[in-house]
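Heads up, the thing below is written out as structure tokens.
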Amino acid sequence: LKGFNKFLQRRFDENQDFADTYVYLFSHRGEGSYSDLVAGPNSKDYGVCHGDDIFYLFPYFDKLSFRSAPSSKDILMQETLVKLWVNFATQGKPTPVENLDIDWVPADKFPLNYLRIGNYRNSNKSIFGMENDLWRERSEFMRNIY
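Numbering-wise, the sequence shown is residues 1 to 146 according to full-length UniProt numbering.
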């Protein structure tokens, strides 16, 4: 986290006029996860793993990697992520996406604005939502120990 925070602070300080910075937290635990590849598909649910978003952008693993076939939420997640990334690549801004009532606000200072993608273990929330202050407690801890 310390490196993550330092990188973003440097980006905010040096490149603000160059391009917007979009931050997200992927929290969708779908039928497939990198943790399944490491621990096995019949293991405990370890939650969302770093890199799980790649499954939805580049579905390069065969169906044996997944606990079962992708769910309807997985398919919606894949379609939406692809639209967000295509919009970012072609327009420089990841939104708007049809049927997504969120405007992904760029991060330009701390506390960070970020898009939460997914609702792991919190089914009351929409699967997408703008939030603020990503990992505040962890960031403060890392800043204070160095």
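Yeah, the Cβ is synthetic: ideal placement off N, Cα and C, and Gly gets one too.
A quick note: this is a predicted structure, and the numbers were derived from the prediction, not measured.
In the three-state reduction of the DSSP assignment, L76 falls in the helix class, which pools H, G and I. In the three-state reduction of the DSSP assignment, E14 falls in the helix class, which pools H, G and I. About 12 Å separates the beta carbons of Y24 and D52, which is beyond the 8 Å limit, so they are not a contact pair. Annotation: R11 to L112 spans about 13 Å, alpha carbon to alpha carbon. Residue R29 holds the alpha-carbon nearest to the alpha-carbon of L76 among D133, R29, F110. Taking C-alpha positions only, K109 is separated from M130 by approximately 15 Å.
Beta bridge pairing from DSSP links A107 with T21.
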